[in-house]
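In my numbering, the protein residues as written are 16 to 208.
We put the CB at the ideal spot given by N, CA and C, even for glycine.
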Amino acid sequence: MGHDIPTKIACRFTEGYLTEPGIGSINVAPSAFASSSSDPLVKLLGSDEYGTFFPLQGSTPLKLKKGVWYKMEIFLFDAEDKRINLQFLEPDQIEKHQFFFNLMSKNSVVPKGISYYYSDFIDGQLLETPVGFTGYIRVNEDLEDTDLRLMLVHLKKGDKYEADGKPNPFDKPSPRVLEFGDLTAYLPFQIDK
Numbered sequence: 016m017g018h019d020i021p022t023k024i025a026c027r028f029t030e031g032y033l034t035e036p037g038i039g040s041i042n043v044a045p046s047a048f049a050s051s052s053s054d055p056l057v058k059l060l061g062s063d064e065y066g067t068f069f070p071l072q073g074s075t076p077l078k079l080k081k082g083v084w085y086k087m088e089i090f091l092f093d094a095e096d097k098r099i100n101l102q103f104l105e106p107d108q109i110e111k112h113q114f115f116f117n118l119m120s121k122n123s124v125v126p127k128g129i130s131y132y133y134s135d136f137i138d139g140q141l142l143e144t145p146v147g148f149t150g151y152i153r154v155n156e157d158l159e160d161t162d163l164r165l166m167l168v169h170l171k172k173g174d175k176y177e178a179d180g181k182p183n184p185f186d187k188p189s190p191r192v193l194e195f196g197d198l199t200a201y202l203p204f205q206i207d208k
C-alpha cells in the first residue's frame with residue numbers, strides 16, 4: 016500500500032472568508048483565506064476492527080454555519096496515534112490518493128450541498144494535484160440530519176486523472192477512481208442558521 020492504515024481522524028474547521036478562484040479551478044492558495052476565528056472546531060473519529068469510523072465519545076457536537084467558509088484540515092493517525100498524513104504525500108502516493116466530500120442528509124447525497132477547494136501544500140508549494148488534507152469548505156443548504164462524507168480513494172492501477180488529464184471534482188469521483196478506498200467516514204454535524 017505504501018502507507019499505514021488510518022485508524023483515527025481529526026478534522027479541524029476554522030471559520031473565515033475566502034476569495035474564490037476563477038471558474039474551473041479546484042485549488043486555492045492559503046493567501047485567499049482570512050481566518051475570522053481563533054478558536055477552531057475539532058471533531059475526532061475513531062474506527063473499529065472493521066474500519067468503520069465513528070465520533071469518539073466526549074467530543075462536542077459539530078456546528079457549521081450555512082454560507083460561511085471554513086478551512087478544513089484532516090489529520091490521519093495510525094493505531095499507535097502517530098500522524099500519518101505525510102505518508103500519503105510522498106511522490107509515489109500523491110497520484111494515487113484523493114479525498115472526496117459530500118453533504119449527506121438522511122443517508123442521501125445532497126447535490127451541490129457543499130462547495131470545496133483543495134489547498135494542499137508541500138515544502139511551501141501549492142500542490143497542483145488535489146489530495147484533500149487541507150481545503151476550504153462551505154455548506155450551501157439548510158438541512159437536518161446531516162453528515163459530511165469523507166472518502167479517501169486509493170488507486171491500485173494508474174493514477175487519479177481522467178482521460179482529459181484532469182482530476183475528478185471534489186464531489187463526483189468517477190467509478191474508475193472508486194475501485195478501492197483507504198477510508199470512508201461520516202462526520203455528523205448540525206447546520207447553524
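- Residue burial is scored here from C-beta neighbours: I152 has at least 16 other C-beta atoms within 10 angstroms and is therefore classed as buried.
- In this structure, T22 lies near S62, with their beta-carbon atoms less than 7 Å apart.
- The residue from S120, Y176, K171 with its alpha-carbon nearest to that of T161 is S120.
- A check of alpha carbon separations from D96 across L79, Q113, L60 identifies L60 as the nearest.
- Residue burial is scored here from C-beta neighbours: G147 has at least 16 other C-beta atoms within 10 angstroms and is therefore classed as buried.
- For L77, there is no enclosing alpha helix (DSSP H), as DSSP marks it with neither H nor E.
- Residue state for V146 is assigned as coil, using DSSP reduced to three classes.
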